[in-house]
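**Q**
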Amino acid sequence: MEKRAELYRGKAKSVYTTDDPERLILHFRNDTSAFDGEKIEQLERKGIVNNKFNAFIMQKLEEAGIPTQHDKIIADDECLVKNLDMMPVECVIRNIATGSLVRRLGVEDGMDLIPATFEFFLKNDELHDPMINDYHIKTFGWANEDEIEKMKALTFQVNDILSKLFKDANMILVDYKLEFGRYNGEVLLGDEFTPDGCRLWDIDTREKLDKDRFRQGLGGVVEAYEEVAHRLGVDLD
Ligand code: C5P
1 MEKRAELYRG KAKSVYTTDD PERLILHFRN DTSAFDGEKI EQLERKGIVN
51 NKFNAFIMQK LEEAGIPTQH DKIIADDECL VKNLDMMPVE CVIRNIATGS
101 LVRRLGVEDG MDLIPATFEF FLKNDELHDP MINDYHIKTF GWANEDEIEK
151 MKALTFQVND ILSKLFKDAN MILVDYKLEF GRYNGEVLLG DEFTPDGCRL
201 WDIDTREKLD KDRFRQGLGG VVEAYEEVAH RLGVDLD
C-alpha cells in the first residue's frame, strides 16, 4: 500500500490517500486539542496509544456486528481504512450528564441519564459544532431519513456493546461521539473511538480517564489512556 497525498488534516489525525482509491490511511498524531483548537499540546505516545486503542475497539464492534471503516494497523500510529463519504454530523450518546449538556441545560453534573440521551451536532469548527436536529440534517441534505435512522440505531448499539466492555473493566462509559460515512450504499462507523472522543470514569472513584484530563489541566493524560488500554487488555507494544 503506497501512502500518497495528505487529503485532510484534522486536529489530532491526518488522512492520506493511497494507490487504492477505496482505501485511506489515518495517521494518529500526538497533537491534542480542546476548546475548538484554542488549546493544543503535543502529548508523547498519544498517537500510538490511540491508534492501537482504536483498532481494538473497532475490532470488538465488528465482532458484535457493527460495520466499521477500519481495516488494519499498518504502522504504530497509522491504520488503513475504507474510503467513506463522511456525513458532517456528530452523534453523541450520554449515559451520565456532564460537559456541554450540563452547561446547556443546567442539570446536575454526574446524574444518571435514564434512558440515555442522543444528540446530533454539526461538524463545523467555525460555528463551534452547533447542536442540530433530524430536520436540519434532512433539509440541508447532510443525510437522508434512512441514514439518520441508521446512525441513531448504530450509535445506540455501540452503547450497549461498549458500556458492557468498559463495565467489565471497571469503567463507566459516560458519553461519546461517533461519526458515520457512506460506502457502497451502506452506513459505516467511521473516524475513531478513543479516549479523545469519549468520557470514561473509574467505576469506584469516578476518576476521569479521558480527554477531560487535558481539558481541565489535570495532567497524566496519556497515562490515563494507557491505564484504560491496560484494563481492557489492549496490546500497546
Ligand atoms: O462537550 P460535550 O459534553 O458535548 O461532549 C460529549 C462527548 O462527545 C464527549 O465524550 C466528547 O469527548 C465528545 N466530543 C468529541 N468531539 C467533539 C465534541 C464532543 O469527541 N467535537
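In our numbering, the protein residues as written are 1 to 237. Glycine included, C-beta positions come from ideal geometry on N, C-alpha and C.
Return the CA-CA distance between Asp235 and Asp77, expressed in angstroms with no decimal places.
**A** Those two C-alpha atoms are separated by around 14 angstroms.
**Q** Closer than 7 angstroms: is that where the CB of Tyr8 sits relative to any heavy atom of ligand 1?
**A** The answer is no for Tyr8.
**Q** Taking the Cβ atom as the reference point for each residue, do Phe120 and Ile137 lie within a distance shorter than 8 angstroms?
**A** Yes, they are a contact pair.
**Q** Below 8 angstroms, can you find three or more Cβ-Cβ pairs linking the stretch 143-162 to the stretch 78-89?
**A** Cβ pair count under 8 angstroms is three or more, so yes.
**Q** If I measure Cβ to Cβ from Met111 and keep anything under 6 angstroms in the same chain, skipping five residues before and after, which residues do I get?
**A** Excluding sequence neighbours, Met111 sits near Ala97.
**Q** How many Å lie between Phe56 and Asn170 at the Cα?
**A** Those two C-alpha atoms are separated by around 17 angstroms.
**Q** Would you report the Cα separation of Tyr176 and Ser163, rounded to the nearest angstrom?
**A** Distance between the alpha carbons of Tyr176 and Ser163: 11 angstroms.
**Q** Which residues bound the alpha helix (DSSP H) around Gln157?
**A** First-last of the alpha helix (DSSP H) with Gln157: 145-168.
**Q** Based on the DSSP secondary-structure assignment, which residues constitute the bridge partners of Asp202?
**A** Asp202 pairs with Met171.
**Q** Would you call the CB atoms of Gly37 and Asp125 closer than 8 angstroms?
**A** Yes, the Cβ-Cβ distance between Gly37 and Asp125 is below 8 angstroms.
**Q** Please indicate yes or no: does the CB of Glu238 lie closer than 7 angstroms to some heavy atom of ligand 1?
**A** One cannot answer for residue 238 here, as it falls past the ends of the chain, which runs 1 to 237.
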